[in-house]
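Notes to accompany the following structure.
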Amino acid sequence: MGLRRSLDDYKQNEDATDVFPGERRTRQGRFSGSDQRLVHVSPAGSLRDYSYPLSGFGGIVSSRFGIRIGDAVEWFDALDAGCQTYRAGRSLVETTHRLDGFDVIQRDVTDGLVHTTTFELGDDAPEDIELVGFVEISPEGRDGRVGQLVHDDAIEVYHNREHDYLGTSTEFVECTPQVLERFDEILAAESRSFPEFGASEEYEESRLTGGVGVRVAFEDGETSLVTLLSDIETQSRSDALSAVATRTRRTNSDSAALLATARQAGQYPTVADQLVATDLSVLELLSAPTGARIAGPDFDPYYQYSGGYGYTWFRDDGEVSTFLLEADESLGFDAAEIHRQSAEFYLRTQLPDGRWPHRVWPMNGRLAPGWANGHIEGTETQYQADQTASVLVFLAEYLSAYRQSLRNVTVEAIENALQSGVDGLDSSLEDDGFPTVCENAWENTNGRFTHTAAKFVQAYSTIAAVTCDAATRERAATRATQVFDALDMAWSPDEGIYALRLDAGDGDLDDRVDSTTFSLVDAYLAYRAIEDIDETRLRRLERHLHTAFSRLWKETDDISGLTRFEGDTWRRRGQGSEKVWTVSTGWGAYAAEKSIRLFSSTDEYDPEKWADRLFDEIDLDGSLCLPSGYLPEQFFDTGAPDSATPLGWSHAIRLATHASRVTRGARTE
Numbered sequence: 001m002g003l004r005r006s007l008d009d010y011k012q013n014e015d016a017t018d019v020f021p022g023e024r025r026t027r028q029g030r031f032s033g034s035d036q037r038l039v040h041v042s043p044a045g046s047l048r049d050y051s052y053p054l055s056g057f058g059g060i061v062s063s064r065f066g067i068r069i070g071d072a073v074e075w076f077d078a079l080d081a082g083c084q085t086y087r088a089g090r091s092l093v094e095t096t097h098r099l100d101g102f103d104v105i106q107r108d109v110t111d112g113l114v115h116t117t118t119f120e121l122g123d124d125a126p127e128d129i130e131l132v133g134f135v136e137i138s139p140e141g142r143d144g145r146v147g148q149l150v151h152d153d154a155i156e157v158y159h160n161r162e163h164d165y166l167g168t169s170t171e172f173v174e175c176t177p178q179v180l181e182r183f184d185e186i187l188a189a190e191s192r193s194f195p196e197f198g199a200s201e202e203y204e205e206s207r208l209t210g211g212v213g214v215r216v217a218f219e220d221g222e223t224s225l226v227t228l229l230s231d232i233e234t235q236s237r238s239d240a241l242s243a244v245a246t247r248t249r250r251t252n253s254d255s256a257a258l259l260a261t262a263r264q265a266g267q268y269p270t271v272a273d274q275l276v277a278t279d280l281s282v283l284e285l286l287s288a289p290t291g292a293r294i295a296g297p298d299f300d301p302y303y304q305y306s307g308g309y310g311y312t313w314f315r316d317d318g319e320v321s322t323f324l325l326e327a328d329e330s331l332g333f334d335a336a337e338i339h340r341q342s343a344e345f346y347l348r349t350q351l352p353d354g355r356w357p358h359r360v361w362p363m364n365g366r367l368a369p370g371w372a373n374g375h376i377e378g379t380e381t382q383y384q385a386d387q388t389a390s391v392l393v394f395l396a397e398y399l400s401a402y403r404q405s406l407r408n409v410t411v412e413a414i415e416n417a418l419q420s421g422v423d424g425l426d427s428s429l430e431d432d433g434f435p436t437v438c439e440n441a442w443e444n445t446n447g448r449f450t451h452t453a454a455k456f457v458q459a460y461s462t463i464a465a466v467t468c469d470a471a472t473r474e475r476a477a478t479r480a481t482q483v484f485d486a487l488d489m490a491w492s493p494d495e496g497i498y499a500l501r502l503d504a505g506d507g508d509l510d511d512r513v514d515s516t517t518f519s520l521v522d523a524y525l526a527y528r529a530i531e532d533i534d535e536t537r538l539r540r541l542e543r544h545l546h547t548a549f550s551r552l553w554k555e556t557d558d559i560s561g562l563t564r565f566e567g568d569t570w571r572r573r574g575q576g577s578e579k580v581w582t583v584s585t586g587w588g589a590y591a592a593e594k595s596i597r598l599f600s601s602t603d604e605y606d607p608e609k610w611a612d613r614l615f616d617e618i619d620l621d622g623s624l625c626l627p628s629g630y631l632p633e634q635f636f637d638t639g640a641p642d643s644a645t646p647l648g649w650s651h652a653i654r655l656a657t658h659a660s661r662v663t664r665g666a667r668t669e
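Numbers 1 to 669, taken from the UniProt record's numbering, label the letters of the sequence shown in order.
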């Protein structure tokens, strides 16, 4: 998966203080995508596929483009940053490259497994001009053992099943396979630059590479590049070449045709609200045909600084599904088909014990590499019990919202899943009513976590309120009360908070503030629907929220928001203190907004004030939102974004919070 490019990046950024060298960052630029392909377009117009989790195809691992005028080449990545924006809703990425005296406008659209890039010359462009480019393709994520066929009007790069094709709408002036770095060049201090035109290579070597350099003519001021990812077992070479030829005809690949294709893309109807359109677009970009979503584009495929993000976590996905369902009920953007796909995916992937695995491939639901599958191996500790609770909350709320329109067989399947899910939750409970020792939501600690208990309360309570099976309903209600009462064990009166966890060893409280405890608000609201809550516990939650927001709040010259938890050391790089997270800030805004249903404003805690303050930072013009509208997972104090960008969980939280604010009549401009 592009080891050469990762090592190049490592050489260039080894000494950077707010960049992790060797990653495939997406914190700048925009994505063009379908449910099968996710292509990143950098501000310099370079393309890179993040498609593997959605479709199983590797695609483009690196690229660069420029303009050749006479004998001189102007590479776009050497120019001052131009302008990049979305067109046709958010289906087309338009990048303007500003050269001396004229512009080149690049437009990118993804349709199924096809990605089309059109280059249009602006006024005053010289006549003696060509597009130049380098494209490195990695079928099945392979760095080696790839082959290349240079056809008359297309290039084919293949490994085993995956065969990828590159074609153009105009003539190839030159097409040169690029033999990539050998061992000594990979280990050298300096990077090697591609393409290298005119290089004399043996035919045998030049056909065993995924890299190709091209020079392409313009016609009437335009030219287009088309890449198609394909499986040779389902699409023959002749059919694939024919498909590329069809896509590269001027009637299908010029700017007007590209705009028409872009306008037809997308699962959702046109939404006027820009924030809603942005968040729905991001969730769509991250979705596979199954309806499952990756957490975010996988920027660290070699697990150097993280455990990877291009998978479906059942916590993240369950939370996203629930937030999306809630927002749809308030705003009415007609996502019924999306909810159905999510429910069916969860039904297919539930384990026999009623729980779900750590993470799976979204393309097919198969078990993906992970570190928290202890319950599959036979131990509870290396397992994240909150994940199962998150999925059960969605399934119960989906059943409640759509029961009347669902087929009887679907209703029965969901009710069976909820019944089995209660069994799964029960297996993770201790006799004292608190969940057993397991891994936390941040996946970095073991213990008995307040967040896990809160999600159990929410899941049990939601099931008790909606399912029609009396036995399951009564059992869930009993368990909800048992766990809700056990939350008293996590209360720290000296600190005025619900602690992060009960220590796995001696049961002492780890009384740091943790943003996952914002889930207590949903737990309280769900439990209140089946039982009364006494005043003492309401006052505890009120005090907890005020204390947690105050202690996690961080403000620098460049950003403001909430840190993840006190003492968080992950991905600090050159920074000496905790980083601000968009998930935590958004979660805080959501919890504050929802807590308005529980509390009135007081001198100590004003939920509306905190809801406004926190939401402002993740809003489209907030300090934690990029010009693209994307919410990255984290920020350095310098304002530099970091980690997965965009992060689906953050966008779903923002969407649901915005929907609640619209319902409340809060300021949403």
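The beta-carbon is built from N, C-alpha and C at its ideal position, and this holds for glycine as well.
Here the structure is a predicted model, which means the values were calculated and not measured.
The beta carbons of Thr-547 and His-451 sit no closer together than 8 Å. Selection Leu-166, Val-179 and Arg-263 evaluated against Val-216 yields Leu-166 as nearest (Cα-Cα). Runs of the alpha helix (DSSP H) spanning 4 or more residues and lying entirely within the segment 556-597 occur at 582-595, in chain order. With the rule of 3 Cβ pairs closer than 8 Å, the segment 528-538 does not count as touching the segment 495-503. In chain order, His-375, Thr-388 and Gly-424 place their CB closer than 7 Å to the CB of Arg-355, counting only its own chain and leaving out the 5 sequence neighbours on each side. Taking a contact as a CB-CB distance under 8 Å, the pair Leu-626 and Arg-654 does not count as one, their CB atoms being some 13 Å apart. Distance from the CA atom of Ser-405 to the CA atom of Thr-638, rounded to whole angstroms, is 50 Å. Taking 8 Å as the cut-off, the Cβ atoms of Ala-656 and Glu-284 do not count as close. Contiguous alpha helix (DSSP H) elements confined to the segment 274-317 occur at 274-285, taking only those with 4 or more residues. In the displayed model, Tyr-50 falls within coil according to three-state DSSP, outside both helix and strand. For Asp-254, the secondary structure class from DSSP, reduced to helix, strand or coil, is coil. Non-local C-beta neighbours of Arg-315 in its own chain, meaning closer than 7 Å and more than five positions away in sequence, comprise Gln-384, Asp-386, Gln-387, Ser-390 and Ala-441, ordered along the chain. DSSP places Thr-118 within a strand segment (E or B) once states are collapsed to three. In this structure, DSSP gives Trp-649 a helical state, which the three-state scheme calls helix. Nearest C-alpha to Arg-27 among Pro-646, Thr-116 and Ala-589: Pro-646.
Rounded to the nearest whole angstrom, the C-alpha separation of Asp-557 and Phe-299 is 27 Å. Taking every protein chain shown into account, the CB of Trp-371 has fewer than 16 other CB atoms within 10 angstroms, so this residue is exposed. With fewer than 16 other Cβ atoms inside 10 Å of its own Cβ, Gly-198 counts as exposed.
The beta carbon of Val-93 sits closer than 6 Å to the beta carbons of Arg-30, Ser-32, Val-41 and Asp-108 from its chain, once the five residues preceding and following it are set aside; these are given in chain order.
In the three-state reduction of the DSSP assignment, Arg-543 falls in the helix class. Around the beta carbon of Pro-369, fewer than 16 other beta carbons lie within 10 angstroms, which makes this residue exposed.
Judged by DSSP secondary structure, Asn-416 falls within the alpha helix (DSSP H) whose first and last residues are 408-426.
Exclusion of the five residues before and after Ala-526 leaves Gln-458, Ser-461 and Thr-462 as the residues of its chain whose Cβ lies within less than 6 Å of its Cβ. Taken atom to atom, the span from the alpha-carbon of Gly-332 to that of Ala-277 is near 13 Å.
By the Cβ criterion, the segment 248-261 is in contact with the segment 206-226, since at least three pairs of Cβ atoms, one from each stretch, lie closer than 8 Å. Taking C-beta atoms as the reference points, Val-114 and Leu-228 count as a pair closer than 8 Å. Between the C-alpha atoms of Trp-570 and Val-513 there is a straight-line separation of about 16 Å.
Exclusion of the five residues before and after Val-583 leaves Ser-515, Arg-564, Glu-633, Leu-647, Trp-649, Ser-650 and Ile-653 as the residues of its chain whose Cβ lies within less than 8 Å of its Cβ. Membership of Phe-456 in any beta strand (DSSP E) is not indicated; the residue belongs instead to the alpha helix (DSSP H) covering 450-466. For Glu-205, the enclosing alpha helix (DSSP H) covers residues 203-206.
Under a 10 Å Cβ-count criterion, Ser-242 is classified as exposed, with fewer than 16 other Cβ atoms of the shown protein chains found around its own Cβ. Annotation for Phe-615: the continuous alpha helix (DSSP H) segment containing it runs 607-618.
Bounds of the alpha helix (DSSP H) holding Ile-338 are 336-349. Taking all protein chains shown into account, Cys-83 has fewer than 16 neighbouring C-beta atoms within 10 Å of its C-beta and is therefore exposed. Sorting Gly-70, Asp-100, Phe-635 and Glu-190 by C-alpha distance to the C-alpha of Asp-80 places Asp-100 at the top.
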